[in-house]
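Working notes, structure below.
Residue numbers (the working numbering): 61 to 186.
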């Protein structure tokens, strides 16, 4: 698949995950774990699109720390690292039984963090 088409595909999936997270917000009961998971997935897929734009083959990983480390530019690391750290845990604690319970504030932070990552990547790849 050509580079530009692959970037569009990754961003399409990232946007769908983000929009799904927003759509699920407000459901009763609200599926906080699923919302946070989709936020993590949105950031992961957007970072993979960014890496492809920079001619870096993204690894098959869900680890946002690993992906952000591959985004070697200091600007990327400084702007996004905190958001990726926040989202990184949602790929695991939301997929397996966990004693950690999420609260509405977790959902809000996850949605904001995912939006920050997506907005940054969209701006950089356009």
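Every residue, glycine too, gets a C-beta built ideally from N, C-alpha and C.
Remember, predicted model here, so these are calculated numbers, not experimental data.
Cβ neighbour criterion (16 or more within 10 Å) applied to residue i
i, result
"residue 128", "buried"
"residue 119", "exposed"
"residue 254", "Look at the range of the chain in this structure, 61 to 186, and you will see that residue 254 is not part of it."
"residue 77", "buried"
Residue i versus the options, residue with shortest Cα-Cα distance
i, options, result
"residue 102", "125, 147, 114, 119", "147"
"residue 184", "76, 123, 108, 124", "108"
"residue 123", "141, 113, 112", "141"
"residue 98", "110, 84, 66, 68", "84"
"residue 104", "186, 63, 90, 67", "67"
"residue 190", "176, 164, 182", "With the chain covering only 61 through 186, there is no way to say anything about residue 190."
Collapsed DSSP secondary structure at residue i in the structure displayed
i, result
"residue 151", "helix"
"residue 122", "coil"
"residue 85", "coil"
"residue 131", "coil"
"residue 175", "helix"
"residue 76", "helix"
"residue 162", "coil"
"residue 90", "coil"
"residue 105", "helix"
Own chain, CB closer than 7 Å to residue i, minus 5 neighbours either side, in chain order
i, result
"residue 96", "150, 154, 162, 166, 167, 170"
"residue 190", "In the structure as shown, the chain begins at 61 and stops at 186. Residue 190 is therefore absent and cannot be evaluated."
Neighbourhood of residue i by C-beta distance below 6 Å, restricted to the same chain and skipping five residues each side
i, result
"residue 115", "none"
"residue 173", "143, 146, 147"
"residue 100", "147, 150, 151"
"residue 176", "143"
"residue 106", "74, 177, 178, 181"
Residues of its chain near residue i, where Cβ-Cβ distance is below 8 Å and the 5 sequence neighbours each way are ignored
i, result
"residue 61", "69"
"residue 111", "117, 118, 127, 130, 131"
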